[in-house]
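Trainee: Protein chains in written order, with the numbering used here: chain A, 616 to 731; chain B, 616 to 731. Built from N, CA and C at the ideal position, the CB exists for glycine as well. In this text, all values refer to a predicted model and were calculated from it rather than measured experimentally. Here's a structure for you.
2 protein chains.
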Amino acid sequence: MKELRIRSKIWLEVDGQSFLGDGRYRLLSAVQHNGSINAAARDLGMSYRKVWAQLQAMEKSAPFPILERRVGGKGGGASQLTDEIMVLMEQFQELRNQVNKEADRCFAASFQESKN
Amino acid sequence: MKELRIRSKIWLEVDGQSFLGDGRYRLLSAVQHNGSINAAARDLGMSYRKVWAQLQAMEKSAPFPILERRVGGKGGGASQLTDEIMVLMEQFQELRNQVNKEADRCFAASFQESKN
DNA sequence: AGTCGTTGTGCGAAATTTGCATAGCGATGT
DNA sequence: ACATCGCTATGCAAATTTCGCACAACGACT
Chain A
616 MKELRIRSKI WLEVDGQSFL GDGRYRLLSA VQHNGSINAA ARDLGMSYRK
666 VWAQLQAMEK SAPFPILERR VGGKGGGASQ LTDEIMVLME QFQELRNQVN
716 KEADRCFAAS FQESKN
Chain B
616 MKELRIRSKI WLEVDGQSFL GDGRYRLLSA VQHNGSINAA ARDLGMSYRK
666 VWAQLQAMEK SAPFPILERR VGGKGGGASQ LTDEIMVLME QFQELRNQVN
716 KEADRCFAAS FQESKN
């Protein structure tokens with residue numbers, strides 16, 4: 616058996632449909648870091664269209680606002696995350712790390728219990 | 616905050632590419648239970664083409680044979696799982712349950728730490 | 001030899017994804 | 001007062017991917 620590894624992921628659902636997972640986490644981080652959806656898209660090497668669509672889908676099922684957008688004005692506009700989503704992102708990141716760690720631990724127990 | 620739930624999944628990778636996850640697990644189970652790829656596809660409500668393609672992709676990256684196929688003959692043919700993959704599926708299922716349980720536990724700790 | 005239901009596959013249709021192109025916006029500077 | 005600038009938002013056609021129908025090959029059993 617060569618190079619067998621475990622991977623894990625978690626995501627949060629609202630009313631049974633995906634709300635916050637790894638991909639959206641990256642998107643939101645990029646928006647937070649770059650100050651606008653447009654800059655985030657460039658930073659991620661994705662089209663604005665695509666990033667916008669994903670954020671749109673996210674907000675549609677969100678139980679609270681995700682982004683504060685400003686159209687026009689200085690710099691043409693801007694977007695930033697709401698406090699609520701930033702808090703949730705923090706919790707999400709911690710959960711992900713914990714679950715990931717547990718996955719690695721269980722995998723090691725199952726597959727390397729007999730050390731050579 | 617309404618109806619926020621955690622979901623988790625795990626999968627096994629060989630040389631960095633997905634090898635066994637939830638979807639393929641279901642496919643393999645259906646093959647095992649139905650005795651042929653064709654019957655499995657019907658059972659799952661999927662087209663034979665699609666099931667076949669996924670199993671094909673799986674075997675391409677597999678470190679050992681997955682299916683024993685028989686073309687022609689009694690009943691037109693048949694397929695069954697190898698012992699190796701059945702052992703791995705067993706381990707996979709256990710891992711999935713353990714990780715899932717841990718995810719639920721961590722989630723509860725993070726989001727319901729203050730019981731009302 | 002004929003039958004039967006399976007594995008395996010070519011290929012066009014259908015669905016989805018993608019990004020270009022463009023409209024509308026408004027705080028700021030002139 | 002109004003021109004500017006870069007951002008948000010979106011229509012739409014092209015590109016890509018997914019999908020499944022249709023059919024060939026196969027071989028144990030009758």
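Using a Cβ-Cβ distance cut-off of 8 Å, determine whether E674 of chain A contacts chain B.
Mentor: Here residue 674 of chain A refers to the residue found at position 59 when the first sequence is read from its first residue. No, E674 of chain A lies away from the interface with chain B (no Cβ there is under 8 Å from its Cβ).
Trainee: Between which two residues does the alpha helix (DSSP H) carrying K665 of chain A extend?
Mentor: Looking up residue 665 of chain A in the first sequence gives position 50. Here the alpha helix (DSSP H) through K665 of chain A covers Y663 to K675.
Trainee: By Cβ distance, which residues of its chain are closer than 8 Å to G650 of chain A, with the 5 residues on each side in sequence left out?
Mentor: As a working mapping, residue 650 of chain A is identified with position 35 in the first sequence. The residues are A693, S694 and Q695.
Trainee: Run through DSSP, which three-state label would S623 of chain B get?
Mentor: Residue numbering aside, residue 623 of chain B sits at position 8 when the second sequence is read from its first letter. Looking at S623 of chain B - three-state DSSP - the assignment turns out to be strand.
Trainee: Can you check whether the CB of V714 of chain B is closer than 8 Å to the CB of E709 of chain A?
Mentor: As a working mapping, residue 709 of chain A is identified with position 94 in the first sequence. As a working mapping, residue 714 of chain B is identified with position 99 in the second sequence. No, they are not a contact pair.
Trainee: Counting only Cβ pairs nearer than 8 Å, list the residues of chain A close to S725 of chain B.
Mentor: Sequence index remark: in the second sequence, residue 725 of chain B carries index 110 (1-based). Ordered by position in chain A, the residues that pass the 8 Å Cβ test against S725 of chain B are Q706, E709 and L710.
Trainee: Output yes or no for whether 8 Å exceeds the beta carbon distance between F726 of chain B and L619 of chain B.
Mentor: Counting from 1 along the second sequence, the entry for residue 726 of chain B is found at position 111. Counting from 1 along the second sequence, the entry for residue 619 of chain B is found at position 4. Yes, Cβ-Cβ distance for F726 of chain B and L619 of chain B is below 8 Å.
Trainee: Considering only residues of the same chain and omitting the five flanking positions on each side of R684 of chain B, which have a CB-CB separation below 6 Å?
Mentor: Along the second sequence, read from residue 1 onward, the residue named residue 684 of chain B stands at position 69. Result list for R684 of chain B: S694, in chain order.
Trainee: Show which residues of chain B have a CB atom less than 9 Å away from the CB atom of R641 of chain A.
Mentor: For the purposes of this step, residue 641 of chain A is taken as the residue at position 26 of the first sequence. Chain B residues near R641 of chain A: none, gap ~18 Å exceeds 9 Å.
Trainee: Jot down the residue ranges of each uninterrupted beta strand (DSSP E) in the segment 668 to 729 of chain B, minimum 3 residues, whole runs only, in chain order.
Mentor: The segment 668 to 729 of chain B contains these whole beta strand (DSSP E) runs: 682 to 686 and 692 to 696.
Trainee: So I621 of chain A contacts chain B; which residues on that side make the cut at Cβ distance below 9 Å?
Mentor: Against the first sequence, residue 621 of chain A aligns to sequence position 6. Per Cβ cutoff of 9 Å: I625, W626, L627, E628, L710 and V714.
Trainee: Report the residue ranges of all beta strand (DSSP E) runs contained in full by the segment 624 to 659 of chain B; include only those spanning at least 3 residues, in chain order.
Mentor: The qualifying runs are 632 to 635.
Trainee: Kindly list the residues whose CB is nearer than 7 Å to the CB of S662 of chain A, restricted to its own chain and excluding five residues on each side of it in sequence; keep chain order.
Mentor: For this step, residue 662 of chain A is matched to residue 47 along the first sequence. These residues qualify, in order along the chain: A656.
Trainee: Would you kindly work out how many angstroms separate the C-alpha atoms of L659 of chain B and M704 of chain A, rounded to a whole number?
Mentor: By 1-based counting over the second sequence, the position of residue 659 of chain B is 44. By 1-based counting over the first sequence, the position of residue 704 of chain A is 89. Their backbone Cα atoms lie some 36 Å apart in a straight line.
Trainee: Give me, in chain order, the residues of the same chain whose beta-carbon lies closer than 7 Å to that of I625 of chain B; leave out the 5 immediate sequence neighbours on both sides.
Mentor: To locate residue 625 of chain B, count along the second sequence from 1; it is residue 10. Answer for I625 of chain B: L710, R711 and V714, listed in chain order.
Trainee: Just mark V646 of chain A as buried or exposed, buried being the case when its beta carbon has 16 or more other beta carbons within 10 Å.
Mentor: One-based indexing of the first sequence puts residue 646 of chain A at position 31. Classification of V646 of chain A: buried, given that the 10 Å Cβ count is 16 or more.
Trainee: Give the residues of chain A in contact with A718 of chain B, contact being defined as C-beta atoms less than 7 Å apart.
Mentor: The count along the second sequence starts at 1 and reaches residue 718 of chain B at position 103. Residues of chain A passing the Cβ test: I625 and V714.
Trainee: Distance, Cα to Cα, I700 of chain B vs M673 of chain B?
Mentor: Position 85 of the second sequence holds residue 700 of chain B. Position 58 of the second sequence holds residue 673 of chain B. Straight-line Cα distance between these residues: approximately 11 Å.
Trainee: When burial is assigned at 16 or more other CB atoms within 10 Å of the CB, is R639 of chain A buried or exposed?
Mentor: As a working mapping, residue 639 of chain A is identified with position 24 in the first sequence. By the neighbour-count rule (16 or more Cβ atoms within 10 Å), R639 of chain A is buried.
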